[in-house]
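Right, one structure below, let's go through it.
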Amino acid sequence: MQDDLAERRLTHFVGGAWRAPLSQRMAGGPRGRRVLAGPQDLARALAVAAQAAPEWAALAPAARAGLLAAAGLEVPEAPATFPAAPLLRFTLPQPARLAGMLASGRVLVLVAPRASPPAWLGLIEALRGAGLPPGVLNLLNGRAADLRQTAGARSRD
125 MQDDLAERRL THFVGGAWRA PLSQRMAGGP RGRRVLAGPQ DLARALAVAA QAAPEWAALA
185 PAARAGLLAA AGLEVPEAPA TFPAAPLLRF TLPQPARLAG MLASGRVLVL VAPRASPPAW
245 LGLIEALRGA GLPPGVLNLL NGRAADLRQT AGARSRD
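With the first letter of the sequence shown counted as 1, position 48 gets the number 172 in the numbering used here; the numbers rise by one all the way through.
As structure tokens, then:
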């Protein structure tokens, strides 16, 4: 798991696979080196998520819930839909909240938190193993603040 973790910190999970970054920015520290997503990485993840959105939203809610249950995620009792907010999330939400968003037909682009990489690695692999379609959940390594600025600039264009 430790080797997988070190390797995954140097890639992004986009479109159902671990992909090399388009940005060459890196950060290092006591937890090891990791890639920092840049504007091109964010643009790629958003494009992939937008492409996956119609098919995922059209899937029957029971089918989405079944897939999440197969991955070991519980879908809490929640409103039938979540607000139509942007596709971009900046931290990995609690698994119940994540499950609720996915169950409601949302696609997500998340920024991996530095503090709990094994948790997000396990979550991604469980969802992928359960058959989550490519592009529904995308995970970038990087700094949320940097990507917020990029996303804000993109939305003003």
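The C-beta atom is built at its ideal place from N, Cα and C for all residues, glycine as well.
Remember, it's a predicted structure, so these values are computed and weren't measured experimentally.
Would you call the CB atoms of residue i and residue j closer than 7 Å?
i      : j      : result
Arg168 : Leu160 : no
Ala176 : Val231 : yes
Leu251 : Leu261 : yes
Gly229 : Ala193 : no
Leu183 : Val233 : no
Rounded to whole angstroms, what's the CA-CA distance from residue i to residue j? Just pull it up for me.
i      : j      : result
Leu166 : Leu264 : 8 Å
Ala173 : Gly259 : 5 Å
Leu146 : Ala187 : 34 Å
Arg157 : Ala254 : 29 Å
Ala236 : Glu131 : 14 Å
Leu247 : Gly266 : 18 Å
Gly196 : Thr135 : 25 Å
Pro163 : Leu271 : 7 Å
Regarding residue i and the ligand ZN, is the C-beta to nearest heavy atom distance less than 6 Å?
i      : result
Val138 : This structure lacks the ligand ZN, and indeed carries no ligand of any kind.
Using 8 Å for Cβ pairs, my map puts residue i next to residue j. What's the rounded Cβ distance?
i      : j      : result
Pro185 : Ala227 : 7 Å
Inset, instruction - Enumerate, from N- to C-terminal direction, the unbroken beta strand (DSSP E) stretches of 3 or more residues contained entirely within the stretch 245–272. - result: Taken in chain order, the unbroken stretches of beta strand (DSSP E) that lie wholly in the stretch 245–272 and span 3 residues or more are 261–264.
Inset, instruction - Please go through the stretch 165–202 and give each complete alpha helix (DSSP H) segment of 4 or more residues, from N-terminal end onward. - result: You should have 185–194.
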